[in-house]
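**Q** UniProt numbering numbers the first residue of the sequence shown as 1 and each following residue consecutively. Just so it is clear, CB atoms sit at the ideal spot from N, CA and C, and this is done for glycine as well. Here it is, the structure, as structure tokens.
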Amino acid sequence: MLSRVAENLYWMARYIERAEDTARLLSVNSHLMLDLPGRLPLGWAPLIEMTGSREAFTARHADFDERSVVHFLCADTDNDISIISALASARENLRTTRDVVPREIWEEVNQLYLNVADHVENGVSPRRRDNFLKNVIRGCQTLTGLIEGTLSHGLARTFIELGRQLERADMTTRIVDVRSASLLPQNPEELLPFENLQWMSVLKSLTAYQMYRQQVRLRVRGPDVLRFLLQDPNLPRSIACSLETLGYELTLLPRQDRPAATVSLVRADVVDADIQALAHSPSKLHAFIDELQIGFAAIHATLSATYFVNDDAVPMATTPHQSQSQHHAGDNDND
């Protein structure tokens with residue numbers, strides 16, 4: 001497989017996962033704002049923090065109000081991490097490599113982008129937002145299902161899975177980090193009555209609420225949610241599960257020693273983490289998440305150095321969500 005083909009498939013998968021996770025965040029936050037009293041200091045700013053795009057947002061908007069945040073994350077074509085931009089990048093990466101995947105996958109990516117672009121052109125109003133976000137999530141899930149059900153187990157599928165799992169782990173850490181800042185015991189008097197509701201929103205952001213109730217069988221509590229989202233080996237969106245899948249996929253590739261070792265080190269940090277200590281100290285949890293982010297950047301760097309053609313771009317080394325839309329790599333062959 002050509003290096004540029006592998007790289008484009010990897011980024012296509014990352015952008016599809018990014019669009020889905022951003023839609024989930026917006027949907028859950030919209031519903032949470034309806035359930036919480038207006039005096040609680042949650043609002044829409046945490047969504048900008050989660051996506052690591054505060055600087056880009058403040059350059060365009062004066063306030064973190066609902067309309068500005070929703071437009072920035074859904075419809076801003078100048079914002080590299082908006083839903084419309086992520087889908088445009090996924091489409092462009094697949095367009096040049098669509099001969100290596102079933103035609104239905106390309107058609108679904110293309111149709112999802114066109115539908116979202118049409119909706120964005122007409123405006124994402126509060127009244128239409130819920131339906132818009134559901135369509136994005138279902139479209140991305142349909143793509144995942146098509147890939148799982150139609151793409152042969154080979155190099156193309158492996159690089160798609162690598163991109164999906166790394167992006168998924170990245171978004172999970174962002175959700176845990178920013179949401180926990182208002183959930184952990186800094187303001188117990190004000191937030192305690194709503195703590196259960198907020199931790200439920202964290203689980204729902206990752207479609208993990210029902211699985212939590214089935215597997216943990218306890219009421220929703222901060223330490224249990226953290227353990228479930230960080231360390232559960234069976235939850236598809238837990239960090240440990242994503243890293244385990246990454247490690248397995250790497251065994252199917254040549255020259256995988258260095259990337260696999262990097263994944264193993266990061267996964268060991270997750271599995272060995274002291275959840276009780278993290279749950280009772282927002283500063284410790286934030287520092288731990290920062291370490292994981294650095295670890296994810298290292299995983300990406302080793303994957304890029306091993307399998308992709310390197311250029312002057314730095315897609316993830318310092319800020320994981322500030323990445324290029326398409327990589328015009330050379331024609332070097334992967335083994």
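Run through DSSP, which three-state label would Leu2 get?
**A** strand
**Q** Do you know how far the Cα of Arg164 is from the Cα of Asn122?
**A** 30 Å
**Q** Using the C-alpha atoms, what's the distance from Glu55 back to Trp199?
**A** Roughly 27 Å separates the two Cα atoms.
**Q** Suppose you measure from the CA of Pro233 to the CA of Arg267; what does that come to, to the nearest Å?
**A** 11 Å
**Q** Where does His119 sit, in a helix, a strand or coil, going by DSSP?
**A** helix
**Q** Output yes or no for whether 7 Å exceeds the beta carbon distance between Arg129 and Ser242.
**A** Remark: C-beta atoms of Arg129 and Ser242 do not approach each other more closely than 7 Å.
**Q** Taking only three categories from DSSP, how would you classify Leu155?
**A** helix
**Q** To the nearest angstrom, report how far apart Pro188 and Arg14 are at their CA atoms.
**A** Because the pLDDT of Pro188 is 46, which lies under 50, any placement of that residue in the model is unreliable, and the number read from its coordinates should be weighed accordingly. Their Cα atoms are separated by approximately 37 Å.
**Q** Would you tell me roughly how many angstroms separate the C-alpha atoms of Ala62 and Ala45, rounded to the nearest one?
**A** 12 Å
**Q** Go ahead and pull the three-state DSSP assignment for His280.
**A** coil
**Q** Please report the straight-line C-alpha distance between Ala279 and Asn110, rounded to a whole angstrom.
**A** 42 Å
**Q** Since Ser205 and Ile175 should fall inside the 8 Å C-beta cutoff, what is the C-beta to C-beta distance between them, to a whole number of angstroms?
**A** 5 Å
**Q** If you compare alpha carbons, which of His71, Ser82, Arg67 and Arg24 is closest to Gly52?
**A** Ser82
**Q** Ala6 to Ile160, Cα distance in whole Å?
**A** Cα to Cα, the separation comes out at about 8 Å.
**Q** Take the Cβ of Arg67 as the centre, count every other Cβ of all protein chains shown within 10 Å, and call the residue buried at 16 or more, exposed below.
**A** Under the 10 Å beta carbon count, Arg67 is surrounded by fewer than 16 other beta carbons and is classified as exposed.
**Q** How would you label Arg300, buried or exposed, when you count the other beta carbons within 10 angstroms and need 16 or more for buried?
**A** According to the sequence provided, residue 300 is His. The question's Arg does not apply to it. When all chains shown are included, His300 counts as buried.
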